[in-house]
Structures are given as C-alpha cells and as structure tokens.
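> Under our numbering, the first residue of the sequence shown is numbered 1, with each subsequent residue one higher.
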Amino acid sequence: MFNRPVFKLPTAESALEDKLRSNPYYPFNVVRRKELEFSAQYTALYFAIAGLLVSIVMLIAWITGNLPSNAFFILPMITAVVSITAIWNYKDTRYYTLYPKQKEYSFAHNKNVHVRGQYYNIYIRLRCEVRSGSKPYYHLVLNGYEIDSRRISGSTTNSDKLRRLGQKIAGNLNINYFDEANTSKHHVIRHFRVDKQVFTFRN
Numbered sequence: 001m002f003n004r005p006v007f008k009l010p011t012a013e014s015a016l017e018d019k020l021r022s023n024p025y026y027p028f029n030v031v032r033r034k035e036l037e038f039s040a041q042y043t044a045l046y047f048a049i050a051g052l053l054v055s056i057v058m059l060i061a062w063i064t065g066n067l068p069s070n071a072f073f074i075l076p077m078i079t080a081v082v083s084i085t086a087i088w089n090y091k092d093t094r095y096y097t098l099y100p101k102q103k104e105y106s107f108a109h110n111k112n113v114h115v116r117g118q119y120y121n122i123y124i125r126l127r128c129e130v131r132s133g134s135k136p137y138y139h140l141v142l143n144g145y146e147i148d149s150r151r152i153s154g155s156t157t158n159s160d161k162l163r164r165l166g167q168k169i170a171g172n173l174n175i176n177y178f179d180e181a182n183t184s185k186h187h188v189i190r191h192f193r194v195d196k197q198v199f200t201f202r203n
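Structure follows, in structure tokens:
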C-alpha cells in the first residue's frame with residue numbers, strides 16, 4: 001500500500017523568503033523608475049459588501065412576507081447601516097510610497113496624499129500576537145506616523161527567523177526596524193530626528 005504524500009502549507013517565514021527572492025523591495029514595487037510604492041485594499045471592505053448584500057436579501061424577504069416577524073426587519077436594517085459605514089471607511093485604496101532620493105515617504109487614500117514625512121517616521125516592526133493557550137505568534141508590520149499599520153507577513157512562532165527577515169526588509173528599503181519590545185538590542189535605527197534630540201554615545 002502506497003503512502004500518500006503529506007501536503008504541508010509553507011510557513012510564514014518561508015513564504016516571506018520566497019517573496020523577497022522574487023522582489024527584494026517587498027512589499028513595495030519600483031514605480032516611475034525611482035520610487036517605491038505598494039497599494040492595499042482592506043479585506044474588511046469585502047466583508048462589509050457581503051453584509052450589505054445579506055441584509056438586502058433579508059429585507060426583500062421581509063417585504064414580500066416570507067419573514068413575518070418584525071424582528072427580522074430590525075436586524076437587517078442594523079446590519080445594512082453598519083455595512084454601509086464600513087464600506088465608506090474602507091472604500092479607498094491605501095497607497096504607501098517611498099522616495100529614496102529624498103528619504104521621504106507618503107501615505108495616500110486613492111492618491112489623495114494624507115501625509116508626507118521623513119524616513120525616521122516609517123519603519124518595519126515585529127509584533128506579537130496574544131493567543132490563549134498557545135505559544136506566542138509573531139508577524140511583521142509596516143507602520144509609521146499618520147499611516148495605517150499594514151501587516152506584511154503571516155504568523156509564526158519562529159520569532160528569530162522572522163526578526164532577521166524583518167531586519168532584511170528594512171535594510172533593503174533603507175528604513176528603520178523595531179523589535180517587538182520598545183527597548184531592544186535588535187532595533188536597527190538608520191534614521192534619527194536630529195533636529196529636536198540630543199544623543200549620547202557610549203563606548
């Protein structure tokens with residue numbers, strides 16, 4: 001009797017390594033020859049659209065008399081209002097852009113720039129997920145001042161490997177890397193806000 005091959009999903013860190021091999025600037029892509037950009041549409045938008053469609057179906061069923069109870073009118077109305085609000089909040093595509101020559105970044109909603117700032121205000125960070133009854137899981141995010149935090153990796157318990165990949169991504173993009181703890185020897189800080197800070201260097 002033949003043994004069946006066991007299919008295993010790739011780990012978060014191996015999937016991230018594959019992405020970096022195919023694109024060293026992941027999660028960004030080179031645009032206009034000298035800028036780095038990536039866009040994101042929130043999955044919450046699709047859940048909101050699905051919720052709105054379900055509420056419309058329920059309202060039609062109530063109007064046509066297939067749902068006699070008035071209670072079935074209140075629930076789809078609330079769902080519709082919540083869904084429409086979510087659609088409005090998440091309808092815009094988010095654009096993250098790096099300008100390597102100027103060492104600046106921008107964050108835009110549908111190309112309407114929300115903020116443009118210096119490199120010291122944007123970074124890659126390792127985040128810890130709290131899951132009851134299990135080992136801590138970690139993932140990487142792109143975050144910064146006045147931008148939406150964006151997850152750029154899957155979850156894994158292998159924090160050391162994911163940390164090295166996060167540091168590599170930050171190095172490829174020439175931005176800062178911060179570890180999960182606020183104070184850590186694993187931080188890699190390339191850009192400082194020197195205009196309003198005094199630094200003390202120790203031997």
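Glycine included, every Cβ here is placed at the ideal spot set by N, Cα and C.
1) In three-state DSSP terms, what is E104?
2) What are the partner residues of A61, as DSSP defines its beta bridges?
3) To the nearest angstrom, how far is the alpha carbon of Q118 from that of K91?
4) Give me the residue from G144, F192 and Y137 with the minimum Cα distance to R163.
5) Across the region 110–117 and the region 126–135, are there enough close Cβ pairs to call them in contact, namely three or more that are closer than 8 Å?
6) When DSSP labels each residue in this structure, what does E17 get in the three-state scheme?
7) Going straight from the alpha carbon of K135 to that of T157, what length do you get?
8) Along the chain, which unbroken stretches of the beta strand (DSSP E) at least 3 residues long are found entirely within the region 118–187?
9) Going by the beta-carbon positions, is the gap between L36 and Y25 smaller than 8 Å?
10) Run through the DSSP bridge pairs and tell me what A94 is partnered with.
11) Of the choices L173, F192, A15 and H186, whose alpha-carbon is the least far from that of Y99?
In this structure, then:
1) Sequence index remark: in the sequence shown, residue 104 carries index 104 (1-based). In this structure, E104 counts as strand in the three-state DSSP scheme.
2) Sequence index remark: in the sequence shown, residue 61 carries index 61 (1-based). Note: A61 sits in no beta bridge, so no partner.
3) Position 118 of the sequence shown, counting from 1, holds the residue named residue 118. Position 91 of the sequence shown, counting from 1, holds the residue named residue 91. If I take the Cα positions, the gap works out to 27 Å.
4) Looking up residue 163 in the sequence shown gives position 163. Of the candidates G144, F192 and Y137, the one whose C-alpha sits nearest the C-alpha of R163 is Y137.
5) no
6) Along the sequence shown, read from residue 1 onward, the residue named residue 17 stands at position 17. If DSSP states are grouped into helix, strand and coil, E17 belongs with the helices.
7) Locating residue 135 in the sequence shown gives position 135, where the first residue counts as 1. Locating residue 157 in the sequence shown gives position 157, where the first residue counts as 1. Straight-line Cα distance between these residues: approximately 7 Å.
8) Within the region 118–187, the complete beta strand (DSSP E) runs of at least 3 residues are 122–129, 137–144 and 176–178.
9) Translated into positions along the sequence shown, residue 36 becomes position 36. Translated into positions along the sequence shown, residue 25 becomes position 25. Yes, Cβ-Cβ distance for L36 and Y25 is below 8 Å.
10) Locating residue 94 in the sequence shown gives position 94, counting from the first residue. According to the sequence provided, residue 94 is Arg. The question's Ala does not apply to it. For R94, which the question treats as bridged, DSSP gives the partners A40 and H109.
11) Residue numbering aside, residue 99 sits at position 99 when the sequence shown is read from its first letter. Closest by alpha carbon: L173.
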